[in-house]
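J.: Shown below is the structure under consideration.
There are 2 protein chains.
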Amino acid sequence: MTGGDSTAPRYHHGDLRNALVDAGLAMLERDGLSALSLRALAASVGVSHAAPAHHFGTLEGLRTALATVGFTRFEAVLREAGEAAPTDPLAHMRAAEQAYLGFARAQPILFRLMFSAGLLDWTDVALQQSSGEARRQLSDLCSPAAAYRGLDDPAARLALEHLVWSTVHGRAHLAIDDKLDAAPEDARALQAAGCDLAALLFAPPAGTR
Amino acid sequence: MTGGDSTAPRYHHGDLRNALVDAGLAMLERDGLSALSLRALAASVGVSHAAPAHHFGTLEGLRTALATVGFTRFEAVLREAGEAAPTDPLAHMRAAEQAYLGFARAQPILFRLMFSAGLLDWTDVALQQSSGEARRQLSDLCSPAAAYRGLDDPAARLALEHLVWSTVHGRAHLAIDDKLDAAPEDARALQAAGCDLAALLFAPPAGTR
DNA sequence: CCATCTATCTTGTCATCGTCAAGATGCAGG
DNA sequence: CCTGCATCTTGACGATGACAAGATAGATGG
């Protein structure tokens, strides 16, 4: 009887860390960053109030673990988007931008947490690795644009990455902060107005016909 | 003796709200957002622990008041930058961008707070007004670029504002989060590479010589 | 099979915090 | 003078992060 009940409270949870991470991610999006507490998280998975501290150390450690998972998922989303339109460089970049924005909109609080300097332990190796992979993925996504514009100098390529990243990152932040006044914006008309970074980057250079 | 001592503790502070705001702004940048507490703030100006609640209600109210002051200063910084180079539209936009980045870098925690959806009371009229004025100022700064590109449609102008705002806002966020790998970047070389949004916006259109 | 070791989890405790309620103070207006 | 009211204080309660010490159970080695 008692042996087969998987829901019975056991002294050793067996996979508590993953359970805490999953519950933490859910709690983060549901109740907000300020509601993410070690004790509430412990209660939500049915363990004692000090159990999470054993796995994450402090509250900052918990946030760091959640952000690490976030970066891993983020990298996967970006990679899949990059594999979508490998031939057309413009569609390729637009797909990457949409993936970036989609991730931010789907989990805005996690996204903000991932990019907050003061709330995470950036000396954590796991966080450094997962965020570094996402950064590398983003760098790869800029390669077609760099090739199109004939940028071979590493500094110039870096500058292009910064420009692209800044634009999509800023739009993501403004979007999840409800700062973008208009509706989804008639994409076709706006691209015609040339108010799209991808359009500007892939526009024929001056002096061409 | 006692009558002339302006530092003597008085039951009525006289200008407690402003003192709390000033101390709060200083505490925010010095100790971080998570260290901003009503009690610590009260202690720092030498009043009882519940005094701030009378002026700000809750902790969210305090943050809202600080962000309101932040937006007012932000608007002033942007306005001064816009008045700097009124003739050359490219230099005009570059000056605005530098002002935007400078404000974020000078008070990164306040900047983040100002643009965080969940930490402020966006129903507060003072916050709405000060942030609205900053938004309007930003809109004005985009006017020369819109004129240069011949955008008269309001939707197209809005799209241009969103593009400019996203780019500088994203760069500000990445800068204060220490995500921009390189040094201050040799501006001249990078503009030559065309990796500057202002350069792209003010580049001669395709087909011109 | 049993003893020990160690990671895992619990219980207890403390200082700090946000928030509310009730009271004290002193300025301002009648 | 004195009454009203905004301002500030005192006191209290529940929740939280962090730490210390103990209990538990699976793993390891004899």
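Heads up: the sequence lines are chains W and D, in that order. Here our numbering is used: the first residue of the first sequence is 1, the next is one more, and so on. Here our numbering is used: the first residue of the second sequence is 1, the next is one more, and so on. Even glycine gets a Cβ: it sits at the ideal position worked out from N, Cα and C. All values derive from a computational prediction rather than experimental measurement.
1) Could you have a look at glycine 14 of chain D and say whether DSSP puts it in helix, strand or coil?
2) Nearest by alpha-carbon distance to aspartate 15 of chain D: which of D/Ala35, D/Val45 and D/Ala147 is it?
3) By the DSSP assignment, the alpha helix (DSSP H) with phenylalanine 111 of chain D in it spans what residues?
4) Just to confirm my understanding: we take isoleucine 176 of chain W, look at its own chain, exclude 5 residues before and 5 after, and list those with CB closer than 8 Å. What are they?
5) Leaving out the 5 sequence neighbours to the left and right, which residues in its chain are closer than 6 Å to serine 143 of chain W when beta-carbon positions are compared?
6) Assign serine 48 of chain D to one of three DSSP states: helix, strand, or coil.
7) Counting only C-beta atoms, is threonine 68 of chain W closer than 7 Å to chain D at any point?
8) Which bits of chain W does serine 166 of chain D rub up against, with CB to CB less than 7 Å?
9) Might you give, ordered along the chain, the residues of its own chain that have their beta carbon closer than 8 Å to the beta carbon of alanine 19 of chain D, omitting 5 neighbours on each side?
10) Between the beta-carbon of glutamine 128 of chain W and the beta-carbon of arginine 79 of chain W, is there less than 7 Å?
11) Would you decide whether histidine 49 of chain D is buried or exposed? Buried here means 16 or more other CB atoms lie within 10 Å of its CB.
12) If you pair each beta-carbon of the segment 117-132 of chain D with each one of the segment 151-165 of chain W, do three or more pairs fall below 8 Å?
13) Can you find a CB in chain W that lies within less than 7 Å of the CB of leucine 141 of chain D?
14) For the alpha helix (DSSP H) containing tryptophan 165 of chain D, list its first residue and its last residue.
15) Measure the alpha-carbon distance for tyrosine 100 of chain W versus methionine 93 of chain D and round it to whole angstroms.
16) Note down the Cα distance separating alanine 51 of chain W from glutamate 75 of chain W, rounded to an integer number of angstroms.
17) Spell out whether any CB of chain W is found under 7 Å from the CB atom of glutamine 128 of chain D.
18) Answer yes or no: do serine 139 of chain W and arginine 171 of chain D have a C-beta to C-beta separation smaller than 7 Å?
19) So, under 8 Å CB-CB, leucine 38 of chain D and leucine 66 of chain D are touching, yes? Tell me the CB distance rounded to an integer number of Å.
20) Report yes or no: is there a C-beta of chain W within less than 7 Å of the C-beta of aspartate 15 of chain D?
21) Against leucine 180 of chain W, what residues of chain D qualify as contacts under a CB-to-CB distance less than 7 Å, listed in chain order?
22) Three-state secondary structure (DSSP) at proline 144 of chain W?
23) Between the Cα of leucine 141 of chain W and those of W/Ser130, W/Asp153, W/His162 and W/Asp121, spot the shortest distance and give me the residue it belongs to.
24) Assuming glutamate 75 of chain W is part of the alpha helix (DSSP H), what are its boundary residues?
25) So, using beta-carbon positions, are leucine 120 of chain W and threonine 72 of chain W closer together than 7 Å?
26) Contact criterion: CB-CB distance below 7 Å. Does tyrosine 100 of chain D meet it with respect to chain W?
27) What are the residues in the segment 108-123 of chain W lying within 9 Å of chain D by C-beta distance?
28) Is arginine 39 of chain W helix, strand or coil when you go by DSSP?
29) Would you mind reading off the limits of the alpha helix (DSSP H) that contains alanine 199 of chain D?
30) In three-state terms, what does DSSP make of proline 89 of chain D?
31) Quick one: what does DSSP say alanine 19 of chain W is sitting in, helix, strand or coil?
32) Between the segment 144-160 of chain D and chain W, which residues of the former have CB atoms less than 8 Å from a CB of the latter, in chain order?
33) In terms of alpha-carbon separation, which member of D/Leu174, D/Gly70 and D/Phe56 lies closest to glycine 132 of chain D?
34) In whole angstroms, what separates the C-alpha of leucine 200 of chain D from that of glycine 102 of chain W?
35) Check distances from the C-beta atoms of the segment 20-37 of chain W to those of chain D and list, in chain order, the residues that come in under 8 Å.
T.: So, to answer that:
1) Mapped onto the second sequence, residue 14 of chain D falls at position 14. Of the three classes helix, strand and coil, the one that applies to glycine 14 of chain D here is coil, per DSSP.
2) As a first step, residue 15 of chain D is located in the second sequence; it is residue number 15 there, counting from the start. Closest by alpha carbon: D/Val45.
3) On the second sequence, position 111 is the one that residue 111 of chain D refers to. First-last of the alpha helix (DSSP H) with phenylalanine 111 of chain D: 108-114.
4) Stepping through the first sequence from its first residue, residue 176 of chain W is reached at position 176. Same-chain partners within the cutoff: Ala104, Arg105, Pro108, Phe111 and Arg112.
5) Here the question's residue 143 of chain W lines up with position 143 in the first sequence. Here the set comprises nothing.
6) Taking the first residue of the second sequence as 1, we reach residue 48 of chain D at position 48. Reduced to three states, the DSSP call for serine 48 of chain D is coil.
7) Translated into the one-based positions of the first sequence, residue 68 of chain W becomes position 68. Not one chain D Cβ lies under 7 Å of threonine 68 of chain W.
8) Position 166 of the second sequence holds residue 166 of chain D. Those within 7 Å of serine 166 of chain D in chain W are Thr167, Gly170, Arg171 and Leu174.
9) The count along the second sequence starts at 1 and reaches residue 19 of chain D at position 19. Same-chain partners within the cutoff: His13 and Val45.
10) By one-based count along the first sequence, residue 128 of chain W stands at place 128. By one-based count along the first sequence, residue 79 of chain W stands at place 79. No. Outside cutoff.
11) Locating residue 49 of chain D in the second sequence gives position 49, where the first residue counts as 1. Exposed: under 16 other Cβ atoms inside 10 Å.
12) no
13) Numbered from its first residue, the second sequence carries residue 141 of chain D at position 141. No, no contact with chain W.
14) On the second sequence, position 165 is the one that residue 165 of chain D refers to. 154-176 is the span of the alpha helix (DSSP H), which, as asked, contains tryptophan 165 of chain D.
15) Here the question's residue 100 of chain W lines up with position 100 in the first sequence. Here the question's residue 93 of chain D lines up with position 93 in the second sequence. The straight-line gap from Cα to Cα measures roughly 27 Å.
16) Position 51 of the first sequence, counting from 1, holds the residue named residue 51 of chain W. Position 75 of the first sequence, counting from 1, holds the residue named residue 75 of chain W. Cα-Cα distance, rounded: 30 Å.
17) Here the question's residue 128 of chain D lines up with position 128 in the second sequence. Cβ-Cβ to chain W under 7 Å: no for glutamine 128 of chain D.
18) Working through the first sequence from its first residue, we reach residue 139 of chain W at position 139. Working through the second sequence from its first residue, we reach residue 171 of chain D at position 171. Contact flag unset, no.
19) On the second sequence, residue 38 of chain D is found 38 positions in, with the first residue counted as 1. On the second sequence, residue 66 of chain D is found 66 positions in, with the first residue counted as 1. About 12 Å separates the two Cβ atoms, so there is no contact after all.
20) The count along the second sequence starts at 1 and reaches residue 15 of chain D at position 15. For aspartate 15 of chain D, the answer is no, since every Cβ of chain W falls outside 7 Å of its Cβ.
21) As a first step, residue 180 of chain W must be located in the first sequence, where it is residue number 180. What leucine 180 of chain W touches in chain D: His162.
22) In the first sequence, counting from the first residue as 1, residue 144 of chain W sits at position 144. Proline 144 of chain W falls in the helix class under three-state DSSP.
23) Start at 1 with the first residue of the first sequence, and residue 141 of chain W comes out as number 141. Checked all of W/Ser130, W/Asp153, W/His162 and W/Asp121; the closest Cα to leucine 141 of chain W is W/His162.
24) Translated into positions along the first sequence, residue 75 of chain W becomes position 75. Run containing glutamate 75 of chain W: 59-82, per the alpha helix (DSSP H) assignment.
25) On the first sequence, position 120 is the one that residue 120 of chain W refers to. On the first sequence, position 72 is the one that residue 72 of chain W refers to. For leucine 120 of chain W and threonine 72 of chain W, no; Cβs fall outside 7 Å.
26) The count along the second sequence starts at 1 and reaches residue 100 of chain D at position 100. Answer no: the Cβ-Cβ gap between tyrosine 100 of chain D and chain W never drops below 7 Å.
27) Pro108, Ile109, Arg112, Phe115, Ser116, Ala117, Gly118, Leu119 and Trp122
28) Taking the first sequence and counting its residues from 1, one reaches residue 39 of chain W at position 39. Here arginine 39 of chain W sits in helix by DSSP.
29) Mapped onto the second sequence, residue 199 of chain D falls at position 199. Note, alanine 199 of chain D: alpha helix (DSSP H), 197-201.
30) For this step, residue 89 of chain D is matched to residue 89 along the second sequence. Helix.
31) Within the first sequence, the letter at position 19 stands for residue 19 of chain W. Alanine 19 of chain W: helix per DSSP, three-state reduction.
32) Arg149, Leu151, Asp153, Ala155, Ala156, Leu158, Ala159 and Leu160
33) Counting from one through the second sequence, the residue named residue 132 of chain D turns up at place 132. With distances taken between Cα atoms, glycine 132 of chain D lies closest to D/Gly70.
34) Sequence index remark: in the second sequence, residue 200 of chain D carries index 200 (1-based). Sequence index remark: in the first sequence, residue 102 of chain W carries index 102 (1-based). Cα to Cα, leucine 200 of chain D sits roughly 26 Å from glycine 102 of chain W.
35) Gly32, Leu33 and Ser34
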